[in-house]
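Numbering (the numbering used here), first residue to last: 50 to 322.
Right, here's the structure in full:
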């Protein structure tokens, strides 16, 4: 059995944040052939299941960079969280650096998750972060904190390195970037690669191959454990350099192109669109 681990934003999803008909067809064909398909994303579960194509699939969903694992029947299998004290310390560092802060919890994302913020203006984002009362988060019962995202405007990318330097070596955390203008902070046990190995062990499976598709810095974690890593044509250069194969962009159905043409994972008679 082959395991095919697929990122969403910038990979399986096009610029309109949709799964194209070609990509959806390939997913269905791969599943019909008995391969283990996994959606391995930085998104929260609620932002994944909004996608109509996903609603029609029975495949495992790994959310928030491996923090929360759901089985193919949508049952919660595993959670990795940040302690409240770690959260408070990291939050104060991020606040001091003047970056936008998103907090992913079992109550949802505060003041938002990332996908709804795409396309927002600098003024809208500044207003969102400056007016939100973060103290309300810690007042919630049985709170679980999965991830913080430090978010900056595209013209302030130098702050990303400041964030990474400020956090380096101070906490038991994983740090990655799904986009050049963010830093995603999770438990050290939350890691796209570790999630694949954990799932294999939990399900008592042996994957002949792990083929990982991605476009962001947070996908390097799954590239590390993959037999074959595939970077999208729209991925940053440093991500492409870590991949075994580079396919077309997410707006050119790079996922389906890689499956059919570069990897030839589907039978010959199925390669005719």
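Idealized CB from N, CA, C, for every residue including glycine. Just so you know, these numbers come straight off a predicted model, no measurement behind them.
Residue 73 has no beta-bridge partner at all, per DSSP. In this model, residue 191 and residue 160 are separated by some 19 Å (Cα to Cα).
Between residue 108 and residue 87, the C-beta gap is smaller than 8 Å, which places the two residues in contact. Residue nearest to residue 175 within the set 98, 306, 151 is 151 (criterion: CA-CA distance). Contact check for residue 247 and residue 127: beta-carbon distance about 6 Å, within the 8 Å limit, so the pair qualifies. Within the same chain, Cβ atoms closer than 8 Å to the Cβ of residue 139 are found at 131, 197, 216, 220, 222, 234, the five residues on either side in sequence being excluded.
Following the DSSP letters along the chain, one finds residue 279 inside the beta strand (DSSP E) bounded by residues 277-280. Cβ atoms of residue 267 and residue 225 come within 8 Å of each other, at about 4 Å.
Sequence-distant Cβ neighbours of residue 239 in its own chain, meaning closer than 8 Å and more than five residues away, are 113, 114, 115, 116, 129, 195, 196, 223. DSSP, reduced to helix, strand and coil, places residue 82 outside both helices and strands of the structure shown, so it counts as coil.
With a cutoff of 8 Å on beta-carbon distance, residue 203 and residue 92 are scored as not near each other.
Of the residues 231, 253, 260, 254, the one whose Cα lies closest to the Cα of residue 241 is 260. In the three-state reduction of the DSSP assignment, residue 187 falls in the helix class, which pools H, G and I.
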